[in-house]
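To keep things clear, I will list the structure first and then write my remarks on it.
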Amino acid sequence: AEVKASMERFEEITKRWDSAHALKVPQALDDMMTNQRELINSMIAEKEKIIQTFQLELKAKDDQYVKDLKKQAEDIDLIIERMNAQIKNLQKAYREELTKIDQAFESERVELLDKHRNEWENLMQQRSNKEVDYLKEAEQRVEDFSSQLQHLRVQDAEEYNMVKIKLET
94 AEVKASMERF EEITKRWDSA HALKVPQALD DMMTNQRELI NSMIAEKEKI
144 IQTFQLELKA KDDQYVKDLK KQAEDIDLII ERMNAQIKNL QKAYREELTK
194 IDQAFESERV ELLDKHRNEW ENLMQQRSNK EVDYLKEAEQ RVEDFSSQLQ
244 HLRVQDAEEY NMVKIKLET
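Residue numbers (the working numbering): 94 to 262.
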């Protein structure tokens, strides 16, 4: 609408120039020139007013844009801060979980070592007991054989003596 009104004024001023060529009286020409100057000055004033309005709007938009950029930067900083906090919390939770897993493995390892050590000690005790039993049995057999051997020696000595006595008589 504003552009249309401006174009109509411009056409009106342009048409007056055409009629100014037809004027032959200097006073009428001067009046018309003054009138034209006033119209042009008012048109320029309106344009400057429009330019000033646009510049004010542009400045307001620029200010709003800067504010929006600052707000976005603050929001991004806040998001980054929250993300870093979440990452730290996750890392802490994972460290704690890993520590618990390590402790569970260590506990299980200690249990297995104790179990196997006890099993080993029991087996070694059984072996030791069997060796002791075997040694006792071997000792007993040696004693039995020794007593049998002694008994046989005594018996043989008696038989020898009897045969010797018989032969001597």
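Cβ coordinates follow ideal geometry from the N, Cα and C atoms, glycine included. None of these values were measured; they are calculated from a predicted model.
Taking only three categories from DSSP, how would you classify residue i?
{"i": "residue 117", "result": "coil"}
{"i": "residue 127", "result": "helix"}
{"i": "residue 192", "result": "helix"}
{"i": "residue 107", "result": "helix"}
{"i": "residue 262", "result": "coil"}
Distance check for residue j and residue i, CA to CA, integer angstroms please.
{"i": "residue 128", "j": "residue 140", "result": "18 Å"}
{"i": "residue 117", "j": "residue 125", "result": "12 Å"}
{"i": "residue 102", "j": "residue 145", "result": "20 Å"}
{"i": "residue 227", "j": "residue 199", "result": "41 Å"}
{"i": "residue 143", "j": "residue 178", "result": "51 Å"}
{"i": "residue 96", "j": "residue 136", "result": "12 Å"}
{"i": "residue 164", "j": "residue 147", "result": "25 Å"}
{"i": "residue 183", "j": "residue 197", "result": "21 Å"}
{"i": "residue 246", "j": "residue 235", "result": "16 Å"}
{"i": "residue 203", "j": "residue 221", "result": "26 Å"}
{"i": "residue 244", "j": "residue 262", "result": "27 Å"}
{"i": "residue 134", "j": "residue 104", "result": "15 Å"}
{"i": "residue 155", "j": "residue 168", "result": "20 Å"}
{"i": "residue 149", "j": "residue 161", "result": "18 Å"}
{"i": "residue 251", "j": "residue 239", "result": "18 Å"}
{"i": "residue 185", "j": "residue 194", "result": "14 Å"}
{"i": "residue 256", "j": "residue 232", "result": "35 Å"}
{"i": "residue 254", "j": "residue 230", "result": "35 Å"}
Just checking my contact of residue i with residue j at CB under 8 Å: how many whole Å lie between their CB atoms?
{"i": "residue 132", "j": "residue 106", "result": "5 Å"}
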